[in-house]
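*Asks:*
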Amino acid sequence: MVSLFTIAVSLTPFHPVSHFYRSRFNYRSTHHLTTNGFYEFLNWFDERAWYPLGRIVGGTPCMLPIVAPSAQLRRRGLRTLDAVIVYSTRQMVYPGLMVTAGLIHYMLNLLHLTVHIRDVCVFLAPVFSGLTAISTYLLTRELWNQGAGLLAACFIAIVPGYISRSVAGSFDNEGIAIFALQFTYYLWVFSSHKGGQLQKSIAIGIVNKMQPKPPHKAL
1 MVSLFTIAVS LTPFHPVSHF YRSRFNYRST HHLTTNGFYE FLNWFDERAW YPLGRIVGGT
61 PCMLPIVAPS AQLRRRGLRT LDAVIVYSTR QMVYPGLMVT AGLIHYMLNL LHLTVHIRDV
121 CVFLAPVFSG LTAISTYLLT RELWNQGAGL LAACFIAIVP GYISRSVAGS FDNEGIAIFA
181 LQFTYYLWVF SSHKGGQLQK SIAIGIVNKM QPKPPHKAL
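Residue numbers for the sequence shown follow the UniProt record's numbering, beginning at 1 and rising by one.
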């Protein structure tokens, strides 16, 4: 509860909004996903991204503009301007954040709880921050004892680095990634202590799957 209410203070009094540019893009992507379906999201051409060029969003790299010097461009046979915008594929668009918010919105509607997808996106990070505190408690309790677990949960609920990445309105990958990592590590340690061989293999496979891929080489 401390973690939830600490990072929900950034909301304006009467209108929950996303406060960051990337959060606004993630919200538009989630809105398109919930409105038109997952297949249409994978084939979505966003004409509002990198206007007027546009961009294919689903399943494609995020085209990050960088400015290259003229000497580097001449070596590559490109236009010899003082500076020209070229594109880098360092960052990929992973749909896990959009799918998570879409599934929560779908489940709430199944329960006849009418909630706008914007509200789900705005409050997703604070809710998952509370779950992060719980998963941290479970992980530390499994590694040490119950007292250490309570202290670890209190510390992660008020740590500034995590608060800055999971405030209400910050709809980005870090909002749910920390919980996913902590809970996966807890399942791995729990299966190593008390699980059988099958549980250990599944946990190790999940951990290996979550390892980040090396970034693509920029131009």
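Every residue gets a Cβ at the ideal spot worked out from N, C-alpha and C, and that includes glycine.
A quick note: this is a predicted structure, and the numbers were derived from the prediction, not measured.
Would you check if there are 3 or more beta carbon pairs closer than 8 Å linking the segment 178 to 192 to the segment 106 to 118?
*Replies:* No, they do not touch.
*Asks:* In the DSSP output, which residue or residues are listed as bridge partners for I56?
*Replies:* For the purposes of this step, residue 56 is identified with residue 56 of the sequence shown, where counting begins at 1. For I56, which the question treats as bridged, DSSP gives the partners F45.
*Asks:* The alpha helix (DSSP H) that contains W144, what's its start and end?
*Replies:* What you label residue 144 is simply residue 144 of the sequence shown in a count that begins at 1. Counting along the chain, W144 falls outside any alpha helix (DSSP H), and DSSP gives it neither H nor E.
*Asks:* With a cut-off of 8 Å on the beta carbons, I'd call E47 and G54 a contact; round off their distance for me.
*Replies:* Taking the first residue of the sequence shown as 1, we reach residue 47 at position 47. Taking the first residue of the sequence shown as 1, we reach residue 54 at position 54. Indeed, because the Cβ distance is near 4 Å, the residues count as touching under 8 Å.
*Asks:* Consult DSSP for G102 and reduce its assignment to one of helix, strand or coil.
*Replies:* Reading the sequence shown from its first residue, position 102 is the one you call residue 102. G102: helix per DSSP, three-state reduction.
*Asks:* Which whole-angstrom value describes the C-beta separation of Y21 and F171, a residue pair presumed to lie in contact below a C-beta threshold of 8 Å?
*Replies:* Taking the sequence shown and counting its residues from 1, the one referred to as residue 21 is at position 21. Taking the sequence shown and counting its residues from 1, the one referred to as residue 171 is at position 171. Going by Cβ atoms, the distance from Y21 to F171 rounds to 11 Å, so no, they are not a contact pair.
*Asks:* If we ignore side chains and look at the alpha-carbon of each, how far apart do V99 and V167 end up?
*Replies:* Position 99 of the sequence shown, counted from the start, is the residue given in the question as residue 99. Position 167 of the sequence shown, counted from the start, is the residue given in the question as residue 167. Those two C-alpha atoms are separated by around 20 Å.
*Asks:* Thinking C-beta only, is N173 closer than 8 Å to Y51?
*Replies:* In the sequence shown, residue 51 corresponds to position 51, counting from 1. In the sequence shown, residue 173 corresponds to position 173, counting from 1. No; because the gap between Cβ atoms is not below 8 Å, this pair is not in contact.
*Asks:* Which residue's Cα is closest to the Cα of A153: L124, F183, R165?
*Replies:* Numbered from its first residue, the sequence shown carries residue 153 at position 153. When only C-alpha atoms are compared, the closest one is F183.
*Asks:* How close, in whole Å, do the beta carbons of I117 and T30 come, if the pair is a contact with beta carbons under 8 Å?
*Replies:* By 1-based counting over the sequence shown, the position of residue 117 is 117. By 1-based counting over the sequence shown, the position of residue 30 is 30. I117 to T30, Cβ: 6 Å. Contact.
*Asks:* Kindly indicate which three-state DSSP category I202 falls into: helix, strand or coil?
*Replies:* Within the sequence shown, numbered from 1, the residue matching residue 202 stands at position 202. It is helical.
*Asks:* Take the Cβ of W144 as the centre, count every other Cβ of all protein chains shown within 10 Å, and call the residue buried at 16 or more, exposed below.
*Replies:* Looking up residue 144 in the sequence shown gives position 144. By the 10 Å Cβ count, W144 comes out exposed.
*Asks:* For A157, does the count of other Cβ atoms within 10 angstroms reach 16, so buried, or fall short, so exposed?
*Replies:* Locating residue 157 in the sequence shown gives position 157, counting from the first residue. Buried, because 16 or more other Cβ atoms sit within 10 Å of the Cβ of A157.
*Asks:* Measuring alpha carbon to alpha carbon, tell me which of Y185, Q146, S164, H105 ends up nearest P126.
*Replies:* Position 126 of the sequence shown holds residue 126. Ranking Y185, Q146, S164, H105 by Cα distance to P126 puts S164 first.
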